[in-house]
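J.:
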Amino acid sequence: GALDPAARALVERRMNTLGTGYRLFYRNPVLAVRGLGTRLYDAEGREYLDAYNNVASVGHCNPAVVEAVTKQLNTLATHSRYLQDGIVEYSERLLQTFPESLNRVMYTNSGSESNDLALRVARHHTGGTGIVVTSEAYHGTTASCAEVSPSDGGGGLPDHIIAVHPPNSYRHEGESSVAEVFAARVTRAFETLCERGHEPAALLVDSIFSSDGVFPVDGALQAAFAAARAFGALVIADEVQPGFARVGSAFWGFARDHAVPDLVTLGKPMGNGVPVAGMVADSEILDAFGQDVPYFNTFGGSSVPVAAAAAVLNEIRERRLFENAENIGAIVRAGMEELAADFPQIGDIRSAGLYFGVELVADPETREPGTAFAADLINACRESGLLISVCGPTSSTLKIRPMLTYTAEDAELLVERLGDALNVAARVARAGVA
Ligand code: PMP
Numbered sequence: 018g019a020l021d022p023a024a025r026a027l028v029e030r031r032m033n034t035l036g037t038g039y040r041l042f043y044r045n046p047v048l049a050v051r052g053l054g055t056r057l058y059d060a061e062g063r064e065y066l067d068a069y070n071n072v073a074s075v076g077h078c079n080p081a082v083v084e085a086v087t088k089q090l091n092t093l094a095t096h097s098r099y100l101q102d103g104i105v106e107y108s109e110r111l112l113q114t115f116p117e118s119l120n121r122v123m124y125t126n127s128g129s130e131s132n133d134l135a136l137r138v139a140r141h142h143t144g145g146t147g148i149v150v151t152s153e154a155y156h157g158t159t160a161s162c163a164e165v166s167p168s169d170g171g172g173g174l175p176d177h178i179i180a181v182h183p184p185n186s187y188r189h190e191g192e193s194s195v196a197e198v199f200a201a202r203v204t205r206a207f208e209t210l211c212e213r214g215h216e217p218a219a220l221l222v223d224s225i226f227s228s229d230g231v232f233p234v235d236g237a238l239q240a241a242f243a244a245a246r247a248f249g250a251l252v253i254a255d256e257v258q259p260g261f262a263r264v265g266s267a268f269w270g271f272a273r274d275h276a277v278p279d280l281v282t283l284g285k286p287m288g289n290g291v292p293v294a295g296m297v298a299d300s301e302i303l304d305a306f307g308q309d310v311p312y313f314n315t316f317g318g319s320s321v322p323v324a325a326a327a328a329v330l331n332e333i334r335e336r337r338l339f340e341n342a343e344n345i346g347a348i349v350r351a352g353m354e355e356l357a358a359d360f361p362q363i364g365d366i367r368s369a370g371l372y373f374g375v376e377l378v379a380d381p382e383t384r385e386p387g388t389a390f391a392a393d394l395i396n397a398c399r400e401s402g403l404l405i406s407v408c409g410p411t412s413s414t415l416k417i418r419p420m421l422t423y424t425a426e427d428a429e430l431l432v433e434r435l436g437d438a439l440n441v442a443a444r445v446a447r448a449g450v451a
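Numbering (UniProt numbering), first residue to last: 18 to 451.
1) Roughly how many angstroms lie between the CA atoms of L57 and N70, to the nearest whole one?
2) Cβ atoms of A60 and A139: under 7 Å apart, would you say?
3) Should Y99 go down as buried or exposed, given a rule of 16 or more other Cβ atoms within 10 Å for buried?
4) Assuming contact is defined by CB atoms lying nearer than 7 Å, are N289 and V264 in contact in what I supplied?
5) What is the rounded straight-line gap between the Cα of A254 and the Cα of Y65?
6) For E64, name the three-state secondary structure that DSSP assigns.
7) Please find out if some non-hydrogen atom of the ligand PMP comes closer than 6 Å to the beta-carbon of D235.
8) Can you tell which of G409, I417, A237, F390 has the C-alpha that lies nearest to the C-alpha of L403?
9) How is V86 classed by DSSP in three states: helix, strand or coil?
10) Short of 6 Å in beta carbon distance, which residues of its chain neighbour A428, apart from the five on each side in sequence? Order them along the chain.
11) Going by the DSSP bridge assignment, what does L377 pair with across the sheet?
12) Does the separation of the CB atoms of A241 and S131 fall below 7 Å?
13) Can you tell me the Cβ-Cβ gap for V150 and I178, rounded? I've got them flagged as a contact below 8 Å.
14) Between the stretch 192–209 and the stretch 159–169, can you find at least three pairs of beta-carbon atoms closer than 8 Å?
15) Quick check on the DSSP output: the beta strand (DSSP E) that includes S401 runs from which residue to which?
16) Any chance you could list the residues with Cβ under 5 Å from a heavy atom of the ligand PMP, keeping chain order?
17) Any idea if Q308 is buried or exposed, counting beta-carbon neighbours within 10 angstroms, 16 or more meaning buried?
18) Could you compute how far the alpha carbon of A320 sits from the alpha carbon of Q101?
19) Whole-angstrom Cβ separation of A327 and A85, contact assumed at under 8 Å?
20) Looking at C-alpha atoms only, which residue of A250, V297, F248 is the closest neighbour of F271?
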């Protein structure tokens, strides 16, 4: 559809003021003016069901978070060089969600900064520089994060970084399990780094392989972590996307697979829109780094972001949102499976809790990626009032991350609007063929 006039004028002003790197969602961008709970509203008052924003994961404008932030801003807003009880109390509660060995936390302002710090710690600890990542990984914007983000479009990887294919359960062949094949790739990559003369420093993986296409594969993290450790490398779990109860059965993506990393990076949903992020680590690893590098981060761990994070954690625990993620996730999944029976374009549905990767195919026999169909579909979803996006190497996997606060009615509406959009996209595809 054509852009509405208000949106068109703003798009133009935006192009004339923002740097060229910025991208908007959708052919017809949503002019978002308000968020409330699981909904976003545009300038014309149209309501959208938000199934993509895993920043506001306890709901847009969550009243408990707004109140905590407002109160803190009115009381004290200063940094971590002053003794404050908020940061200590929150850290104690946050660490309770981790296995015992992960017993220290450091605060930053973004997932990128957290990964940057984790890479520094891993390199300090091992004395190595070699990093293994997955082939479509995205880990952030800093120079060292861009280096380990093959999906960034910045060209080839440097010699000391190797990308391996993720544990792809949909396109797997052969006798070995998906987890074994993945671990063997990690082993081979570390061998190659050693042959090139680069000491192994870390395996860095998103615990649910978000950008690779969403692969919650049992045993994959466990096997890959063991493979990395055989080379003396540390394991960094990037929980920026799967973390904070999204996967339902566990608070963290790695815990879903009963695997324990050495360093964990946090971000996105941690402050429900307030920039707060961090890194959780084993004190045995962190101590030597901390003795050599005094760490101060002006906004990281300051009063207001910590108050937001504390309110988010309260919401998740008090409202038992991990259980909700599991229960509502099952409703959404069942609805998607019904849609898959009607639409052969749905090749695979992968999910954990409220994290979904729905792989679309142009041809169910050959499993040729349905890239064009996926693009038509997410735009049709937007028109039907449902906000989702895509991921994966061919941008043919729908990435759906509803808020943890979804009700059963929200879940049914998601499936209904996805069904409407599938009908529209299928009509477009048929017209294209005819
Ligand atoms: N890691 C992952 C897995 C991410 O998805 C992102 C952001 N998309 C980042 C790191 C970077 O986080 P931020 O944008 O907060 O710097």
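Each residue gets a CB set at the ideal place from its N, CA and C atoms; glycine is no exception.
T.: Based on what the coordinates show:
1) Here residue 57 corresponds to residue number 40 of the sequence shown, with the count starting at 1. Here residue 70 corresponds to residue number 53 of the sequence shown, with the count starting at 1. Cα to Cα, L57 sits roughly 10 Å from N70.
2) For the purposes of this step, residue 139 is identified with residue 122 of the sequence shown, where counting begins at 1. For the purposes of this step, residue 60 is identified with residue 43 of the sequence shown, where counting begins at 1. Contact flag unset, no.
3) Counting from one through the sequence shown, the residue named residue 99 turns up at place 82. Counting the other Cβ atoms within 10 Å of the Cβ of Y99 gives fewer than 16, which makes it exposed.
4) Numbered from 1 along the sequence shown, position 272 holds the residue referred to as residue 289. Numbered from 1 along the sequence shown, position 247 holds the residue referred to as residue 264. No, these two residues do not count as a Cβ contact at 7 Å.
5) Counting from one through the sequence shown, the residue named residue 254 turns up at place 237. Counting from one through the sequence shown, the residue named residue 65 turns up at place 48. Distance between the alpha carbons of A254 and Y65 is about 32 Å.
6) Position 47 of the sequence shown, counted from the first residue, corresponds to residue 64. Three-state result, E64: strand.
7) Looking up residue 235 in the sequence shown gives position 218. Result no, Cβ not under 6 Å from the ligand PMP.
8) For this step, residue 403 is matched to residue 386 along the sequence shown. For the residues G409, I417, A237, F390, the minimum Cα distance to L403 belongs to I417.
9) The residue you call residue 86 lines up with position 69 of the sequence shown. Note: V86 maps to helix in three-state DSSP.
10) Here residue 428 refers to the residue found at position 411 of the sequence shown. Around A428: I345, I348, V349.
11) As a working mapping, residue 377 is identified with position 360 in the sequence shown. In DSSP, L377 forms a bridge with I363.
12) Reading the sequence shown from its first residue, position 224 is the one you call residue 241. Reading the sequence shown from its first residue, position 114 is the one you call residue 131. Result no, Cβ atoms of A241 and S131 do not sit closer than 7 Å.
13) As a working note, residue 150 is residue 133 in the sequence shown. As a working note, residue 178 is residue 161 in the sequence shown. With 8 Å as the limit, V150 and I178 qualify as a contact, their Cβ atoms being about 7 Å apart.
14) Taking 8 Å as the limit for Cβ pairs, the verdict is that the stretch 192–209 does not touch the stretch 159–169.
15) Counted from its first residue, the sequence shown places residue 401 at position 384. No beta strand (DSSP E) holds S401; the alpha helix (DSSP H) holding it covers 388–401.
16) Every residue passing the under-5 Å Cβ criterion appears here: S127, G128, S129, H156, G157, D223, D255, V257, Q258, G284.
17) For this step, residue 308 is matched to residue 291 along the sequence shown. Q308 comes out exposed.
18) Looking up residue 320 in the sequence shown gives position 303. Looking up residue 101 in the sequence shown gives position 84. For the record, residue 320 in the displayed sequence is Ser; it is not Ala. Cα to Cα, the separation comes out at about 8 Å.
19) Along the sequence shown, read from residue 1 onward, the residue named residue 327 stands at position 310. Along the sequence shown, read from residue 1 onward, the residue named residue 85 stands at position 68. The pair is a contact, with the Cβ atoms about 7 Å apart (cut-off 8 Å).
20) As a working note, residue 271 is residue 254 in the sequence shown. For the residues A250, V297, F248, the minimum Cα distance to F271 belongs to V297.
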